[in-house]
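Q: Starting off with a structure, shown below.
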Amino acid sequence: MKDFLYAIQDLFVDVLFAPFDALRALELENWFAANTMSWLFVIIGFVAMVYWMLQLRIFDQNNEEDKSVSAHSYL
Numbered sequence: 019m020k021d022f023l024y025a026i027q028d029l030f031v032d033v034l035f036a037p038f039d040a041l042r043a044l045e046l047e048n049w050f051a052a053n054t055m056s057w058l059f060v061i062i063g064f065v066a067m068v069y070w071m072l073q074l075r076i077f078d079q080n081n082e083e084d085k086s087v088s089a090h091s092y093l
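With the sequence shown counted from 1, adding 18 to any position gets you our numbering.
Quick look at the structure:
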């Protein structure tokens, strides 16, 4: 049983967390390079939010939304 738990530890420490260790080491050398993925995710989220708002605006202009009081069961 002890060997099984050590195998799980080795899997996580040596294999699955290796990219995070590389990012941690990279941060000491270059902060911008280490945070590239974070900035990429922020940009993707911002683009998705803008797209979502434009789609909501299209549906609002076409009057396709049911705005009656009984449109949602929780109201």
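The beta-carbon is built from N, C-alpha and C at its ideal position, and this holds for glycine as well.
All of these numbers come straight from a predicted model, not from anything done at the bench.
#1: Can the beta-carbon of Ala36 be found closer than 8 Å to that of Glu45?
#2: At which residues does the alpha helix (DSSP H) containing Leu23 begin and terminate?
#3: Hey, how far is the Cα of Asp78 from the Cα of Phe30?
#4: The alpha helix (DSSP H) that contains Val65, what's its start and end?
A: Here's the rundown:
#1: no
#2: Lys20 to Asp28
#3: 48 Å
#4: Secondary structure note for Val65: its alpha helix (DSSP H) is the uninterrupted segment Thr54 to Gln79.
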